[in-house]
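Report on the following structure.
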Amino acid sequence: MFSKRIKNLKAYKTETSPAKIKLSSNELPYDLPEGLKKRIQEEIAKIPFNRYPDPYANELRQILAELWGVKPENIVLGNGSDEMILNLALAVGEPYEGITYPIPTFPMYRVVADSLGRPTYEVPLKPNLELDEERFNRVLENYNPALMFISYPNNPTGNLFDRKTLDRLRKKVPLMVSDEAYFDFSGETYINEAINPSENVVVLRTLSKIGLASLRVGALIADEAFIKEMFKVKMPFNVTYPSQVIAKVVLTEGLDFIRWAIGQVISERERLMNELQKMEGVKVFPSKANFFLFKTPYDADLVHQRLLEKGVLIRNVSYLPNLKGCLRVNIGKPEENDIFLEKLYEVLKELEKEL
Ligand code: PMP
């Protein structure tokens, strides 16, 4: 009954172990302030629940356009940027034309390509976690993929790939997708290129990393003609009425809070990375995101498990190519980061004695 393609897939797994301190999903560590939640309640109460939402999400697109310095016509919204990844794979190129991306990266590029039966060309990063331009060139020249996904900064490695390299590579592929889920923490973007019809880049953004992961609102930004095509494949009512209403309240009345929270995460990122670097044998990798990679001299499964036993959940990424021994942690509140540092120190001391 099911296609072989689907039988060969595995359902997406996220770490759900309950933990006092959760630093595993790259979420913003701060919930919305009570005053803002009250305002959301008032606005939610006004929703006509028997009605479908605006399929164009016009009011929300207007607000986002102003924030991002583009026109509403440059934006199509998705149920998370995940949905826009799927829609891009549905719409760009022919089904038999491939999709390429570096690995390790965000797993959804592969999931959508596999679900649609599109060939994938995975190009391992160099050991220094930069793009392997030569290998990429060979893939682009030999297989002519239709689409190149670049997580910018890259999840799970945290780094921004060299822009000049990206600009050279994208000349050899019909479309590059700059997935800027972590833009608010990196400040680097392809948005100016994305709205220019003579450039072959589109941008993905999301509200998930800036405090609204629960809403599932993501965006694709491109030139107007591109967006018009994307509206043809979009499910009409993909962004729910409550999500549109809540996002509008937060992105107007809650902007000071969001900006404060982003600033906190960025300054805590520098502090946490510095503190971790001081621990003996620990290597910290550069990051422009709200998370970073680190490596200890011990088995990553063991470090991950021992931290969990002490109430701290982070992400074990050690099974991914080039990431042997690596763990990924996202930035928490200052007090959570302190507990993470303290518990990690304890784990490393225990393992040093035991092994
Ligand atoms: N792209 C990247 C690089 C991500 O890391 C994530 C979330 N982990 C997403 C896209 C998906 O985000 P959303 O919640 O908007 O679907």
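Using the numbering used here, the first residue of the sequence shown is number 1, and each one after it goes up by one. The beta-carbon is built from N, C-alpha and C at its ideal position, and this holds for glycine as well.
Smallest Cα separation from residue i: which of the options?
i	options	result
L140	T100, N290, R118	T100
V123	A113, A181, P104	P104
F363	R216, R271, V329, G254	The question about residue 363 has no answer here: the residues shown for the chain are numbered 1 through 355.
P55	G263, Q244, P334, L344	Q244
L242	P33, I266, I40, K171	Note on residue identity: the sequence assigns Pro, not Leu, to residue 242. Out of P33, I266, I40, K171, I40 has the C-alpha closest to the C-alpha of P242.
P33	V250, P145, E280	V250
K288	Y12, L344, N155	N155
N159	R170, P321, L293, E66	L293
K228	K248, I195, V217	I195
N316	V284, A300, K310, A222	A300
P102	T157, S25, I266	T157
L302	V284, E336, G325	G325
L169	D114, V239, N137, G218	N137
R51	S267, T240, E133, L355	T240
S318	E309, P72, D179, Y298	Y298
P334	I314, V265, F285, L323	V265
L129	P153, F257, E350	P153
G254	N26, E42, F2, L36	L36
D179	Q62, K171, L147, K172	L147
I think residue i touches residue j, with their Cβ atoms under 8 angstroms apart; what is that distance to the nearest whole Å?
i	j	result
A91	V233	5 angstroms
K211	Y30	The question names Lys, yet the displayed sequence has Gly at residue 211. Indeed they touch by this definition, with Cβ atoms about 6 angstroms apart.
L307	V347	6 angstroms
G93	T120	That pair is no contact at about 13 angstroms.
F161	L131	5 angstroms
A89	L116	6 angstroms
M77	V217	First, the amino acid is wrong: residue 77 is Leu here, not Met. Confirmed, about 6 angstroms.
F404	I21	Here the chain comprises residues numbered 1 to 355, so residue 404 is not present and cannot be evaluated.
L207	L220	Contact flag wrong, Cβ pair sits at about 13 angstroms.
With DSSP run on the structure shown, which of helix, strand or coil describes residue i?
i	result
L323	coil
L88	helix
G98	coil
N144	coil
S81	helix
D184	helix
G35	helix
M176	strand
P124	strand
I63	helix
G218	strand
L204	strand
V112	helix
N137	helix
S287	coil
R118	coil
I6	helix
I47	coil
S151	strand
I75	strand
K295	strand
Strictly under 9 angstroms for the Cβ-Cβ distance: is residue i near chain D by that measure?
i	result
E34	In the displayed structure, chain D is absent; only one protein chain is listed.
### Message
Residues around ligand 1, please: the condition is that the C-beta lies closer than 5 angstroms to some non-hydrogen atom of it.
### Response
In chain order, the qualifying residues are G80, S81, D82, F106, S151, N155, D179, A181, T206, S208, G218.
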